[in-house]
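The numbering of the sequence shown is this note's numbering, which starts it at 10 and goes up by one. All remarks here apply to the structure that follows.
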Amino acid sequence: MQPGLTLKGLRHTVTTILSEMGYDERTIADMLGQRTTAMARHYSSRADKTRKLTSVVEALNTEVTRRRKQLSNPPPKLSNLEKNREAAEKSSEENQKDSWCPGAESNHRHADFQSATPAL
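In structure tokens, the structure reads:
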């Protein structure tokens, strides 16, 4: 080791670099051999997280823009006839779901209805 270089200093350097690369505290703690994330949090407290957070801010801006477009272009309002038709279709779909019986399409009988007589 070079003069002035300590294991603690190396740990700070490695942790800072990993944090700036975007690794989470659990991964950093694993790299350091720590059981908890507290030490990873401590050692990476000075890390510049600008690069990591840039992608988060970009993703947030994209989502906000998408939502604004949705609000500025609302779907057309349905007429009463179309609303009634949609309600009837939903009701029909729900009734079909309720009447479906698991296993009805096969020739097998449910275990609860099998004969109690043991097979020979």
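Backbone N, C-alpha and C define an ideal beta-carbon position, used for all residues, glycine too.
Per DSSP, residue 32 lies in no alpha helix (DSSP H) and is assigned neither H nor E.
Going by beta carbons, residue 56 and residue 81 fall outside the 8 Å limit. For residue 44, the secondary structure class from DSSP, reduced to helix, strand or coil, is coil. When secondary structure is reduced to three states using DSSP, residue 55 falls in the coil class, being assigned neither helix nor strand.
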